[in-house]
Every structure is written in C-alpha cells, then in structure tokens.
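To convert, note that position 44 of the sequence shown is 73 in the numbering used here; the numbers rise steadily by one, no gaps. All C-beta atoms in this analysis are idealised placements derived from N, C-alpha and C, irrespective of residue type, glycine included. Keep in mind that this is a model prediction, so the values were computed, not measured. Below you'll find the structure, written out as structure tokens, and then a few comments.
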Amino acid sequence: MLGNTFSVTPRRIQILQDKLKDGHSFLPCDRDFALIERAKKKMKALVPSDWKYVIGAAKVNEPFTIFEMQQENFKDLEVLSRGFKNKAKLQITKSVWYKLLADDPTTLYARESHNVLRPWVPYRVFVNITPVRYCDLPPLYTEPLPISKEKKKDLLAMSEYLVDTEHQEFYKNLRSGLEVYCEGNSHLKHLYLSFKSPEDRDMLYQGLIGQHSLKLDNTDQEMMTLQWQNGVISNYDYLMYLNSLSDRTFNDLTQYPVFPWVISDMSSSTLDLSDSSCFRDLRKPVGALNPIRLKRLKERCEEMPPPKFLYGSHYSAPGFVLFYLVRKFPHYMLCLQNGRFDHPDRMFNSVPDVWKNVMNNMSDFKELIPAFYDTSQKGDFLVNSFGINFGNRHDGAKVGDVHLPLWAQGPEDFVRKLREALESDYVSKHLHHWIDLIFGCKQIGPEADKADNLFYYLCYEGSVDLDSIKDLNQRHALEVQIMEFGQIPKHIFTLPHPHRLMGLPPTLATSHSCDFSENDFRDVQECVQSLTGHVVWHRTETLMTVALFQSHKESVCATALSGSGQFVVSVGQDSLLKMYSLSEKRQVRSVTLSSMALSSCIVLPDEKTLIVGCWNNSIILYNLEFGRIVDSIRAHEDAVSCLCWTNSTQMLVSGSWDCSIRIWQGMAEGKRIKPATALVAQLDHDAHITCLDITRDGELLVSGTQEGDLFLWYMESHLLKQKMQGHSGSVYAASFSPDSKKLVSCGEDGSFKVVDLSTGMLLYSKTLEEELRCLCWDGFTLLLGGSLGSLYVWDLILVQLKIKICAHSGLFKVILMHPIAYRLSCVTPLAFVAARGHYSVVATNNTGMPRSPVLTVTASDDGSLVVTGGQDRRVIVWQPAISS
Numbered sequence: 030m031l032g033n034t035f036s037v038t039p040r041r042i043q044i045l046q047d048k049l050k051d052g053h054s055f056l057p058c059d060r061d062f063a064l065i066e067r068a069k070k071k072m073k074a075l076v077p078s079d080w081k082y083v084i085g086a087a088k089v090n091e092p093f094t095i096f097e098m099q100q101e102n103f104k105d106l107e108v109l110s111r112g113f114k115n116k117a118k119l120q121i122t123k124s125v126w127y128k129l130l131a132d133d134p135t136t137l138y139a140r141e142s143h144n145v146l147r148p149w150v151p152y153r154v155f156v157n158i159t160p161v162r163y164c165d166l167p168p169l170y171t172e173p174l175p176i177s178k179e180k181k182k183d184l185l186a187m188s189e190y191l192v193d194t195e196h197q198e199f200y201k202n203l204r205s206g207l208e209v210y211c212e213g214n215s216h217l218k219h220l221y222l223s224f225k226s227p228e229d230r231d232m233l234y235q236g237l238i239g240q241h242s243l244k245l246d247n248t249d250q251e252m253m254t255l256q257w258q259n260g261v262i263s264n265y266d267y268l269m270y271l272n273s274l275s276d277r278t279f280n281d282l283t284q285y286p287v288f289p290w291v292i293s294d295m296s297s298s299t300l301d302l303s304d305s306s307c308f309r310d311l312r313k314p315v316g317a318l319n320p321i322r323l324k325r326l327k328e329r330c331e332e333m334p335p336p337k338f339l340y341g342s343h344y345s346a347p348g349f350v351l352f353y354l355v356r357k358f359p360h361y362m363l364c365l366q367n368g369r370f371d372h373p374d375r376m377f378n379s380v381p382d383v384w385k386n387v388m389n390n391m392s393d394f395k396e397l398i399p400a401f402y403d404t405s406q407k408g409d410f411l412v413n414s415f416g417i418n419f420g421n422r423h424d425g426a427k428v429g430d431v432h433l434p435l436w437a438q439g440p441e442d443f444v445r446k447l448r449e450a451l452e453s454d455y456v457s458k459h460l461h462h463w464i465d466l467i468f469g470c471k472q473i474g475p476e477a478d479k480a481d482n483l484f485y486y487l488c489y490e491g492s493v494d495l496d497s498i499k500d501l502n503q504r505h506a507l508e509v510q511i512m513e514f515g516q517i518p519k520h521i522f523t524l525p526h527p528h529r530l531m532g533l534p535p536t537l538a539t540s541h542s543c544d545f546s547e548n549d550f551r552d553v554q555e556c557v558q559s560l561t562g563h564v565v566w567h568r569t570e571t572l573m574t575v576a577l578f579q580s581h582k583e584s585v586c587a588t589a590l591s592g593s594g595q596f597v598v599s600v601g602q603d604s605l606l607k608m609y610s611l612s613e614k615r616q617v618r619s620v621t622l623s624s625m626a627l628s629s630c631i632v633l634p635d636e637k638t639l640i641v642g643c644w645n646n647s648i649i650l651y652n653l654e655f656g657r658i659v660d661s662i663r664a665h666e667d668a669v670s671c672l673c674w675t676n677s678t679q680m681l682v683s684g685s686w687d688c689s690i691r692i693w694q695g696m697a698e699g700k701r702i703k704p705a706t707a708l709v710a711q712l713d714h715d716a717h718i719t720c721l722d723i724t725r726d727g728e729l730l731v732s733g734t735q736e737g738d739l740f741l742w743y744m745e746s747h748l749l750k751q752k753m754q755g756h757s758g759s760v761y762a763a764s765f766s767p768d769s770k771k772l773v774s775c776g777e778d779g780s781f782k783v784v785d786l787s788t789g790m791l792l793y794s795k796t797l798e799e800e801l802r803c804l805c806w807d808g809f810t811l812l813l814g815g816s817l818g819s820l821y822v823w824d825l826i827l828v829q830l831k832i833k834i835c836a837h838s839g840l841f842k843v844i845l846m847h848p849i850a851y852r853l854s855c856v857t858p859l860a861f862v863a864a865r866g867h868y869s870v871v872a873t874n875n876t877g878m879p880r881s882p883v884l885t886v887t888a889s890d891d892g893s894l895v896v897t898g899g900q901d902r903r904v905i906v907w908q909p910a911i912s913s
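Below, the structure written as structure tokens:
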C-alpha cells in the first residue's frame with residue numbers, strides 16, 4: 030500500500046477521504062491487541078496470511094479491516110524515491126518499516142528495525158499540493174430548449190397551485206434551500222430544493238414570485254400567533270408552523286421539526302391529565318430538568334476554556350431523529366451508519382427507558398419529534414412492521430416493537446394520549462415558555478445563559494462563516510460537525526412569547542387539517558353561548574341601519590351611547606351637542622356648549638352627567654337630566670383633544686394639544702369642582718395628544734401622540750411603564766381589551782396593530798387602503814372607521830376581515846351579501862367567530878359624492894348597537910342583521 034499511497038500524495042483531499050478507512054468507534058479490545066503483540070514478539074518470520082489469521086482470530090468482529098494486496102499495488106521503491114529531497118540518506122536496503130501520516134503526506138518516515146524504541150527517520154518529499162480549480166464551462170445549449178405543449182401545460186398547472194415558496198431553508202449552515210408546497214389538484218404536492226449558494230436559491234425564488242400566474246398564500250407570523258393565542262389553532266399546528274418558520278423540515282434530518290416532551294409520568298398504570306405533576310416543566314430545557322445533573326454540568330462548564338457550554342449534546346440531530354424512526358425508515362439509518370444498525374442495547378427500545386436516560390444521562394438531552402403527537406399516523410413508527418432483525422439485547426431479548434408506558438394500551442393509544450396531553454390546559458398555559466427556549470428570546474444570549482440553555486457554539490446559526498474558510502479540509506470538518514451534532518432553529522422571537530388565553534372556545538384543529546365538520550360548528554355555537562351572557566349573533570350577515578341623523582352643520586367629532594341604550598349623544602365641530610332618542614328615532618335635544626368645536630364626550634354611568642372636551646381648552650360638565658351646564662373649567666393650555674373615564678377609580682383623564690395629560694377626580698358627582706383640588710397629576714409628552722384609554726381595572730393608561738408614539742402609564746404612581754413606536758404618522762385611536770391583556774391602535778399610516786401587554790410583542794399588524802381614524806373592540810372583534818368612509822369589521826379570533834361597509838360616503842343604495850360557503854357565526858359581544866366560509870360585501874353609491882371619513886365609532890356593552898359619526902355630518906346607528 031506504500032506505493033499506492035505515494036501515487037496520490039499530490040491530492041491531499043483524496044488521502045483523507047478515499048484512502049483512510051475508519052476503524053471502530055468503540056474498541057474494548059485491549060486483549061485483542063495483546064494477542065497481536067504476543068504473536069509479534071515470537072520473532073518468527075510471518076507471511077501476510079499468518080498476520081491475517083492472527084488479526085482475524087482476535088474477536089468475532091474484527092478490530093481492523095483487512096485489505097489483501099493486489100499486484101498493481103506493489104511499486105518499485107527505487108522509482109518512487111526519485112522525488113525525495115534527501116534520497117542519498119535513504120538506505121532502502123536497511124529500512125524495513127515505513128509510515129506516512131495523513132496530516133503530513135509530504136514526509137515519509139522510516140525505521141531500520143521493527144523495534145519500537147528505534148526513532149523514526151523523516152524524509153521530505155518534493156510534492157506540490159495542487160489547489161482545486163473551478164473552470165467556467167461553456168453552456169451546454171446556446172439557446173433554451175423548446176418546451177412541448179404537454180410540458181408547458183403541466184408547468185402552468187403546477188404554478189396555479191403553489192401556495193408558499195417562502196421557506197428558504199437553512200441547509201448545511203447556509204441559507205441555500207427552498208421548499209415549495211402546492212395545494213389543490215396539483216400533481217406535485219411538495220418539492221425540496223438545495224442549491225450550491227444562497228444566491229442561486231434567491232435567483233430561482235425571485236423568478237417564481239415574478240410569475241403573474243403564480244398564486245401565493247403567505248401566512249403572516251403575527252396572524253398565526255394571534256390565532257393560536259385565541260385558541261383557533263391547536264398547539265400541534267402552531268408548533269408545526271413555528272418549525273416551518275424556523276426552516277425546520279421533514280426533508281432534512283439536520284433540520285428536522287422538534288417537539289417537546291410534555292409527559293413525565295412513565296410509570297403509572299393510568300394517565301391523569303388533570304394532575305399537573307404528571308407533566309414536564311416546560312419552563313426549563315431538558316438538561317435542566319434534573320437539578321443534580323444540572324449542578325454537575327455547571328461545574329464542568331466553569332472548568333472548561335472558552336467557548337463554554339452546558340450541553341455537549343443537542344436536543345435534535347440526525348442520529349436522534351433516526352433513533353426514533355429506525356423501525357419506520359431503517360434504510361435511512363443504514364445510510365447514516367455506514368450500512369449498520371446501532372447496537373441493540375442502544376436502540377429505541379422503551380419510552381420509559383429513554384425518558385429515564387434523558388433525565389439522568391450527562392450527554393442525552395434530546396426532545397421529541399412530531400410523530401409522537403401525530404394521531405393520523407397511529408404510532409406506526411413504534412412498531413417493527415418490516416420484521417427486521419435488529420439483534421438481541423444483553424439479556425437475550427430480541428429487539429422488536431417499542432415498549433410503552435403502562436398507561437398506554439398500544440401505539441395508537443399512546444400517541445392519542447400524548448396528543449391529548451399536548452392540547453391540555455396545562456401545556457397550553459405553559460407552552461410559551463418552551464417556545465422561548467427553542468425559538469425565542471431564551472434561545473441565545475444572556476437570557477439563554479440565565480435559563481441554562483447554553484449549547485456548543487457551532488450549534489448556533491451564524492457562529493461560523495463557512496464561505497470565508499478556504500481550507501477545504503477544515504470546511505469539510507466543520508460542515509460534518511454542524512450537520513451531525515445538531516443545529517439550533519432559526520431565531521424567530523426577540524421578545525417573550527405571549528401566553529395562550531384560557532377560557533376561550535376550544536380549538537377544533539387536528540393534526541392533519543384545520544377544516545371543521547358541521548357537527549363541530551354546533552359544538553362551537555353551544556360553547557360560545559355558554560361562555561357569555563351577552564347577545565350572541567350566531568347568524569349575522571351584516572350591519573343594518575337602525576337610524577340615521579343628519580343634524581350637525583359640520584363634522585361629527587365624537588359620539589356616546591347610554592348604558593341603557595335609550596339615547597345617543599354626539600358633539601361636533603359646530604359646537605353643538607345633539608341628543609337622539611333611539612325608541613322614537615328622532616333628535617330630542619340640541620345645545621350650543623361653546624363658541625369653538627367640541628372634540629369628545631363621555632356619558633357617566635348614572636346617565637345624568639355628560640363630560641365634554643372643547644377646543645377652547647376647557648372641560649364642560651353638562652347635566653342631561655335638567656339640560657344645563659353644571660360647570661366649565663379651564664383644563665389645559667391648548668385645545669382638549671380627547672377624554673377617557675374609568676369606573677373603577679372614577680377618574681377622568683384629559684389629553685390636549687399642549688402635549689400633556691391631566692388626571693382629574695371628583696367629576697362623578699356632577700357638581701361644580703375646583704381645579705386645584707380636582708387635578709391629581711399631569712403627564713407631559715413631546716407631541717400633541719391624540720387619543721387616550723384606561724384599562725377597566727384603572728391600573729394602566731395609554732396615550733397616543735401626533736408623532737406616532739404610544740405611552741403606557743401606571744395610573745397609581747403616574748410613572749411611565751413603556752414607550753412604543755406605534756405608527757409612522759399620528760395615532761388616531763388606541764384601546765385596551767376588556768381583560769387588559771392586549772392593546773390595539775390605528776393611525777394615519779393606514780394600519781392597525783395588536784400588542785400583547787405582558788410581553789410587548791406585536792401580535793398582529795395589518796395595513797389597509799385608507800387612513801384609519803377610529804376604532805372600538807371587545808377583545809375579539811374590531812370595528813374600524815376609515816378616511817374613505819369605510820367601516821371594517823375584523824374578526825381577531827380567526828384574524829380575517831369579515832365585513833366592509835361604505836358607511837359615510839353619501840347615500841348607499843344596497844349592501845349585497847354573497848355566501849361562498851356554509852357559515853356558522855358565533856359571537857361574543859361584538860365578536861364574529863367565523864367557523865368556516867367567506868362572505869363578500871358589495872356597496873354601491875348612487876350619488877357620486879366624494880367619500881367622507883368615519884371619525885368616531887362606539888358600541889354598546891352587549892354588542893347590540895353600533896354608532897358611527899363622520900365628516901359628512903351624519904350619525905348612524907347600526908344593528909346586526911340576522912338571517913332566518
């Protein structure tokens with residue numbers, strides 16, 4: 030083999046990859062080496078066949094691979110030595126032992142004796158390492174090949190069904206993959222492509238999205254998060270979506286989807302999902318579940334040089350994936366392990382044993398894969414359906430099907446119960462912690478260190494730039510290590526993930542489809558009706574006009590609805606206060622309150638006092654019962670732009686163009702007040718205040734400014750909690766959800782945004798075709814008024830537009846509803862919970878008048894009435910139209 034090795038020394042890469050053979054990765058064979066050494070010390074002449082016998086008899090599985098020399102392997106050493114630098118010193122007749130090191134093929138080492146104490150004599154060789162050259166080959170075809178009619182038809186048919194080409198996968202630590210999914214009747218359901226470089230991938234991607242016939246279905250991450258939070262999609266579906274969003278795919282074992290262990294009870298005969306002790310702590314990574322092991326890992330981490338890490342093994346790697354799937358895909362395991370299965374005792378033999386090992390072993394921290402929760406596959410990966418002989422374990426037991434916990438009656442029952450556990454209230458309540466560890470803010474950086482979630486640095490995306498490594502050997506070694514050791518998913522969330530809202534209608538999503546059956550619709554309807562005491566619009570088609578008043582001379586600035594729903598109040602730029610009776614459907618009062626425009630109004634709970642904000646810098650208290658002004662105080666140094674009221678603390682908050690907010694008390698009595706004693710606090714800003722709102726418990730206050738900022742304040746301490754960049758223009762409206770957990774805002778930039786207050790994370794953002802001037806919502810359904818006169822009804826549970834009405838654009842002639850599919854709508858106050866199907870709204874304007882902005886929208890507590898006011902000087906009262 031010496032000559033054969035010399036013949037390839039100019040190509041170092043071939044020596045490493047082609048000529049060097051791997052030995053065993055486990056060698057408990059000291060005695061075998063001892064047998065060989067004893068045979069060697071007999072000092073008798075041994076022919077190659079003798080050595081072959083000695084080595085072959087060492088053990089059943091030979092510790093070495095034996096290659097028999099062929100005639101062509103023998104070379105003339107005299108000829109080969111012509112390239113030596115110091116060939117004069119080479120005593121060919123005296124040297125009996127030669128070696129060539131893989132990491133230095135330019136040096137030959139020789140010994141004159143087999144005595145291991147004799148030194149090796151190095152001989153340098155004239156070798157030029159030839160670099161790899163990339164040649165630009167001429168194109169195979171000078172022009173594109175013609176496409177047959179049949180081929181063109183197939184390509185066009187496929188392009189019509191493409192639904193998502195934005196899965197730009199992370200392949201071999203490079204963003205060089207593209208995953209394409211198709212829907213409908215396309216012959217091609219799925220395609221996974223790997224490219225030489227990200228540039229090649231991007232070129233194809235841009236070419237695909239540039240096709241006019243291509244129909245893309247891009248799902249926003251914010252929409253999916255909001256749907257999961259509201260319980261529309263299941264935990265399983267949301268985890269699958271996050272895996273896909275982080276470039277995890279079933280087509281790449283190095284980036285396989287990862288799922289959590291959720292059950293820790295592997296010994297009981299029955300599984301009680303109402304007992305929280307049977308669940309795994311989702312706040313911690315697997316390696317931190319055992320405090321004793323974690324302490325030892327931390328001690329080891331402190332003693333190691335940088336870069337330090339806690340876990341020397343990953344939670345997802347090709348070996349771990351095939352460890353679980355070896356019975357279903359045995360050929361993949363044979364490819365991974367050079368044609369062998371693993372030792373029987375190290376295979377996936379028992380779920381309880383794997384959990385025990387994961388909890389105690391210092392090098393085992395693996396999570397699960399989707400197959401453990403996919404009820405559509407019925408746990409087929411747990412059964413040796415092919416009858417493969419995997420060998421016998423140390424106790425003589427044959428490796429067959431996977432042993433399950435006592436509480437599982439079989440593979441299908443095991444997967445079904447795990448799925449039930451995944452969708453349980455406990456997991457739903459804590460799953461966001463695990464998402465932070467795998468995909469979110471605790472994946473990397475200081476937060477990962479605090480959460481004991483620190484892995485080897487090569488596991489993290491961007492830890493090494495492979496393109497900058499010119500040494501092919503070093504690059505290959507890093508690629509192999511990255512691929513085989515495991516990779517952290519792509520970082521998705523920089524802020525803590527919001528928790529799931531509990532107590533909402535339960536999700537009906539399944540592991541294989543998000544469609545619902547007709548029986549499921551009835552279940553949702555009954556569930557929603559049992560959850561709320563408010564009016565439930567279960568067959569709502571649109572909003573119907575109940576009353577229309579046009580008595581203002583200028584724009585309507587604000588409206589207020591009495592708690593009893595008996596009357597509506599409006600104020601406008603004409604300085605007039607208007608009061609309308611809904612039972613009589615007529616105006617019952619008109620009062621001039623000031624010489625300047627009135628900006629805002631609030632009806633207090635006793636329905637006797639009305640508080641009005643005015644552009645003359647004052648706040649006016651008006652008695653509705655007796656029809657007189659009780660008091661008018663100078664509240665600000667500039668126009669009062671907005672007001673809000675909290676029943677819990679009976680505080681009034683006013684905002685002004687003087688860039689300040691003032692908090693007042695004593696207004697609830699409806700009597701004259703002294704500003705010096707009524708003023709509680711002043712909160713200064715850097716821009717005009719445009720909107721205000723207070724949580725129902727009176728703890729938080731939000732203010733929006735002309736510069737697009739949103740400020741959160743503590744009402745008790747009057748300290749700033751958080752400043753958020755809300756919109757690129759003025760913030761026109763902001764409102765808290767009834768449970769005080771979310772905040773929605775809209776603005777001049779035409780967008781509305783939903784923010785989770787506990788984490789500060791943006792849950793959903795949508796930009797419409799017009800400025801959004803006003804809003805109101807109940808936490809589930811959002812009503813928006815636009816600058817072009819449109820009234821939007823957005824379902825924030827299913828996260829979709831339900832209705833769009835031309836409300837203030839002149840007289841509207843007709844509103845047509847087009848049911849495209851069966852639909853059952855369940856509502857909480859003002860909330861359309863669409864279960865299936867779509868409706869389109871068509872409004873026609875017969876006057877040709879320019880569209881008029883909707884400036885104010887208000888809704889009753891039970892959702893039975895909606896009031897809008899616009900620049901067209903009209904006040905419109907709406908009611909849900911119920912189909913028969």
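Asked: Cβ distance (whole Å) where residue 373 is taken to contact residue 287 below 8 angstroms; Found: In fact, because the Cβ distance is near 26 angstroms, the residues do not count as touching under 8 angstroms.
Asked: Anticipated Cβ contact below 8 angstroms, residue 906 with residue 805, distance rounded; Found: Not a contact, Cβ separation roughly 14 angstroms.
Asked: Where residue 848 sits in the DSSP three-state scheme; Found: Low per-residue confidence applies at residue 848: pLDDT is 28, beneath 50, and the placement is therefore not dependable, though the value from the model is reported in the following sentence. Residue state, collapsed to three classes: strand.
Asked: Collapsed DSSP secondary structure at residue 404 in the structure displayed; Found: helix
Asked: Whole-number beta carbon distance between residue 471 and residue 529, since they are thought to touch under 8 angstroms; Found: Residue 529 to residue 471, Cβ: 18 angstroms. No contact.
Asked: N-terminal and C-terminal residue of the alpha helix (DSSP H) that residue 503 is part of; Found: 501 to 514
Asked: Residue 739 versus residue 681 - alpha carbon distance; Found: 19 angstroms
Asked: The beta strand (DSSP E) enclosing residue 607, as first and last residue numbers; Found: 605 to 610
Asked: Residue 432 (DSSP reduced to helix, strand or coil); Found: strand
Asked: Assigned secondary structure, residue 543 (DSSP; H/G/I helix, E/B strand, else coil); Found: Here residue 543 scores only 35 on pLDDT, less than 50, and its place in the model should not be relied on; the value that follows carries that caveat. DSSP places residue 543 in coil when its eight states are reduced to three.
Asked: Contact check, residue 780 vs residue 747, beta carbons under 8 angstroms; Found: no
Asked: Own chain residues within Cβ distance below 7 angstroms of residue 816, not counting five before or after; Found: 799, 800, 802 and 882
Asked: Cα-Cα separation between residue 591 and residue 699, rounded to whole angstroms; Found: 16 angstroms
Asked: Helix, strand or coil at residue 258 according to DSSP, with G and I counted as helix; Found: helix
Asked: Ordered list of beta strand (DSSP E) runs contained in the region 769 to 813, each at least 3 residues; Found: 771 to 776, 780 to 785, 791 to 796 and 801 to 806
Asked: Three-state secondary structure assigned by DSSP to residue 413; Found: coil
Asked: Contact the region 383 to 401 vs the region 288 to 301: 3+ CB pairs below 8 angstroms; Found: yes
Asked: Residues near residue 408 in its chain [Cβ-Cβ closer than 6 angstroms; skip 5 each side]; Found: 440, 441, 443 and 444
Asked: 3-residue-minimum beta strand (DSSP E) runs that sit fully inside the region 633 to 699, ordered along the chain; Found: 638 to 643, 647 to 652, 657 to 663, 669 to 675, 680 to 685 and 689 to 693
Asked: C-alpha gap between residue 613 and residue 585, whole angstroms; Found: 21 angstroms
Asked: As assigned by DSSP and simplified to three states, the class of residue 352; Found: helix
Asked: CB of residue 423 within 8 angstroms of CB of residue 379, strictly; Found: no
Asked: Within 8 angstroms, strictly: CB atoms of residue 344 and residue 394; Found: yes
Asked: Other residues of its chain near residue 523: CB distance less than 7 angstroms, five sequence neighbours each side excluded; Found: 470
Asked: Where residue 752 falls, given that 16 or more other Cβ within 10 Å makes a residue buried; Found: exposed
Asked: Which listed residue (662, 274, 438 and 313) has its alpha carbon closest to that of residue 300; Found: 438
Asked: Which of helix, strand or coil DSSP assigns to residue 907; Found: strand
Asked: Run of the alpha helix (DSSP H) containing residue 364, from where it starts to where it stops; Found: 359 to 365
Asked: Counterpart residues of residue 333 in DSSP-defined beta bridges; Found: DSSP output for residue 333 lists no bridge partner at all.
Asked: Which residues DSSP lists as bridging residue 576, in chain order; Found: 906
Asked: Contacts around residue 412, its chain only, beta-carbon distance under 7 angstroms, and the 5 residues preceding and following it disregarded; Found: 356, 430 and 440
Asked: CA nearest to the CA of residue 588, picked from 619, 629 and 605; Found: 629
Asked: Residue 369 burial status per 10 Å Cβ neighbour count (16 or more: buried); Found: exposed
Asked: Backbone secondary structure at residue 763 - three-state DSSP; Found: strand
Asked: Delimiting residues of the alpha helix (DSSP H) encompassing residue 465; Found: 454 to 467
Asked: Contacting residues, own chain, Cβ-Cβ under 7 angstroms from residue 264 (five flanking each side not counted); Found: 451, 452, 456, 457 and 460
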